[in-house]
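K.L.:
First residue of the sequence shown? That's 496 in the numbering used here, and the numbers climb one at a time after it.
The beta carbon of each residue, even a glycine, is placed where N, CA and C say it ideally should be.
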Amino acid sequence: MEQQDRYGRHFRLPGFTNKTQLDLLSKKVVVVGAGGLGIPVLQYLAGAGVGEITIIDNDLISLSNLHRQVIYGEKDIDRLKVEVAKEFLNRLNSDVKVITKGERLTQKSFNALIPENPDVIIDASDNFDTRYLIDDFCSEWDIPLVYGALHRFEGQLAVFHHQNEISYRDLYPIAPEEGTVDNCEVNGVLGPVAGAIGCMMAIESIKLLTGLGKVLDGELLVMQFDDLSMIKMKIEKGSNLLNDVRNEAIPEITKNELVKKLNSGKEYLLIDIRDPKEYKTLNIESSINIPIEELYSKASNFPANIPVIVICEVGKSSLDQIRMLKRNKINSNLINLKGGINEWFNKKSP
């Protein structure tokens, strides 16, 4: 009777039977990361009655975590996240067995930290090394992997190693160079963005565990929460989506070529995708600042009859963004400024 009361709203869903709930109570999941993404995943998987949840995270709670990691409080600062998370989940649902591993997931520690035969692994980590470790493990053992990531107002979601056998390495076969991708500490993140993507990760996990609904299989969902726009991109096996995009031929223009064309009266739209603070400090006259996180939602509105020059600091991020936009047929009239702002103002790259 208690389970009927606890999970009663589940049973009103089409296809969600008592057997479905019992199956869910027998499942094992691993959540790597008990931060902004991991917290909502843990809350909703425990609330849904997933039988065994292993949490892996070696971080201590800090004051800066609290705006997005909302099961922690001020009194929990300097405690292990996994310990506080376990206490919360135990209070939430006594049906769920919670296992904690307060260590960093590495190549050496992997086998000791991951339990045998998990049904789903959820990657709520925040670094590429960990993501590749998890992806390779799931690939070897054929375990579905739910992936989420954050960047300012943007969230990403995907499911790997399901029916389409797509992997994280099809998205990122090679890790970005060190220093080219910042984390939330550097870029910032809006707390509810982490909550929203984490909830979506929990939904995909429950669909995988129950067989209900259509799983986001072989696709990357990119959400822009500043304007609630969304892009869904198909990932092909072996296509190396984000790095294949990098290898496409993209038209580029040098500083000298652009100066000549502008002086000749030819019309161009100059779009600077750097951070607004960087743009305000130094920019090309007549350029417009559209930060990188807003580019996807606004690129479709660029005029079709005017060449659009995309500008970043050194010409690399702009190149990647143009390739992604072209691949998704959002705009085909884009040109990269070779060398970016640094080349334009004769600055040395850092």
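Taking all protein chains shown into account, do 16 or more other C-beta atoms lie within 10 angstroms of the C-beta of residue 579, making it buried, or fewer, making it exposed?
P.N.:
buried
K.L.:
List the endpoints of the continuous alpha helix (DSSP H) containing residue 516.
P.N.:
513–520
K.L.:
To the nearest angstrom, how far is the alpha carbon of residue 715 from that of residue 621?
P.N.:
17 Å
K.L.:
Starting from the N-terminal side, write out each stretch of the beta strand (DSSP E) that is 3 residues or longer and does not extend beyond the stretch 604–675.
P.N.:
Within the stretch 604–675, the beta strand (DSSP E) runs of at least 3 residues that lie entirely inside it are, in chain order, 615–618, 640–646, 649–655.
K.L.:
Would you tell me roughly how many angstroms separate the C-alpha atoms of residue 777 and residue 596, rounded to the nearest one?
P.N.:
47 Å
K.L.:
Tell me the rounded alpha-carbon separation between residue 575 and residue 748.
P.N.:
51 Å
K.L.:
Which residues does DSSP list as the beta-bridge partners of residue 764?
P.N.:
803
K.L.:
With burial defined as no fewer than 16 other Cβ atoms inside 10 Å of the residue's Cβ, what is the status of residue 562: buried or exposed?
P.N.:
exposed
K.L.:
Looking only at its own chain, which residues have a Cβ that is under 6 Å from the Cβ of residue 817, when we skip the five neighbours before and after it?
P.N.:
745, 805, 829, 831
K.L.:
Residue 846 by DSSP, collapsed to three states: which one?
P.N.:
Past the edges of the chain, shown from 496 to 845, lies residue 846, and the structure says nothing about it.
K.L.:
Following the continuous alpha helix (DSSP H) through residue 700, name the residue where it begins and the one where it ends.
P.N.:
Per DSSP, residue 700 belongs to the alpha helix (DSSP H) from 686–705.
K.L.:
If you draw a straight line from the C-alpha of residue 708 to the C-alpha of residue 755, how long is it?
P.N.:
56 Å
K.L.:
DSSP on residue 571, reduced to helix/strand/coil?
P.N.:
Note: residue 571 maps to helix in three-state DSSP.
K.L.:
Since I believe residue 541 is in contact with residue 584 (beta carbons under 8 Å), could you give me their beta-carbon distance rounded to a whole number of angstroms?
P.N.:
4 Å
K.L.:
Where does residue 757 sit, in a helix, a strand or coil, going by DSSP?
P.N.:
In the three-state reduction of the DSSP assignment, residue 757 falls in the helix class.
K.L.:
For residue 712, which beta-bridge partners are listed by DSSP?
P.N.:
Looking at the DSSP assignment, residue 712 forms a beta bridge with 654.
K.L.:
So, residue 605 versus residue 633, is the Cβ gap smaller than 9 Å?
P.N.:
no
K.L.:
I need the straight-line Cα distance from residue 792 to residue 783, nearest angstrom please.
P.N.:
15 Å
K.L.:
What are the start and end residues of the alpha helix (DSSP H) that includes residue 534?
P.N.:
533–543
K.L.:
Would you kindly work out how many angstroms separate the C-alpha atoms of residue 587 and residue 544, rounded to a whole number?
P.N.:
Going by the C-alpha atoms only, they are around 10 Å apart.
K.L.:
Look at the alpha carbon of residue 802 and the alpha carbon of residue 764, and state the distance between them as a whole number of angstroms.
P.N.:
Using only the alpha carbons, I get a separation of about 6 Å.
K.L.:
Which class does residue 740 belong to by DSSP, given the choice of helix, strand or coil?
P.N.:
At residue 740 the pLDDT is 46, less than 50, meaning the model places this residue with poor confidence; the figure from the coordinates comes in the next sentence. Note: residue 740 maps to helix in three-state DSSP.
K.L.:
What number of angstroms, rounded off, separates the C-alpha of residue 711 from the C-alpha of residue 659?
P.N.:
10 Å
K.L.:
What does a CB cutoff of less than 8 Å around residue 527 pick up in its chain, not counting 5 residues either side in sequence?
P.N.:
533, 551, 552, 600, 616, 617, 618, 619, 620, 625, 629
K.L.:
Taking only runs of the beta strand (DSSP E) that begin and end inside the stretch 814–840, which ones reach a length of at least 3 residues, in chain order?
P.N.:
For the stretch 814–840, whole beta strand (DSSP E) runs of length 3 or above, ordered along the chain, are 829–832.
K.L.:
Are residue 661 and residue 731 touching if we call contact CB-CB under 9 Å?
P.N.:
yes
K.L.:
So the beta strand (DSSP E) residue 579 belongs to, where does it begin and stop?
P.N.:
No beta strand (DSSP E) contains residue 579, which is instead part of the alpha helix (DSSP H) from 576–587.
K.L.:
Hey, could you find the ends of the alpha helix (DSSP H) residue 792 is sitting in?
P.N.:
First-last of the alpha helix (DSSP H) with residue 792: 790–794.
K.L.:
For residue 812, which of helix, strand or coil comes out of DSSP?
P.N.:
helix
K.L.:
Go ahead and label residue 771 buried or exposed: buried means 16 or more other beta carbons lie within 10 angstroms of its beta carbon, across all protein chains shown.
P.N.:
exposed
K.L.:
Does DSSP classify residue 555 as helix, strand or coil?
P.N.:
strand
K.L.:
Report yes if the CB atom of residue 577 is closer than 9 Å to the CB atom of residue 653, and no otherwise.
P.N.:
no
K.L.:
Specify, as a first and last residue, the run of the beta strand (DSSP E) that residue 596 falls within.
P.N.:
From DSSP, the beta strand (DSSP E) with residue 596 extends over 592–596.
K.L.:
Could you tell me if residue 790 is buried or exposed, where buried requires 16 or more neighbouring beta carbons within 10 angstroms of its beta carbon?
P.N.:
Buried, since its Cβ has 16 or more Cβ neighbours within 10 Å.
K.L.:
Just mark residue 636 as buried or exposed, buried being the case when its beta carbon has 16 or more other beta carbons within 10 Å.
P.N.:
exposed
K.L.:
If you check the beta carbons only, do residue 639 and residue 703 fall under 9 Å apart?
P.N.:
yes
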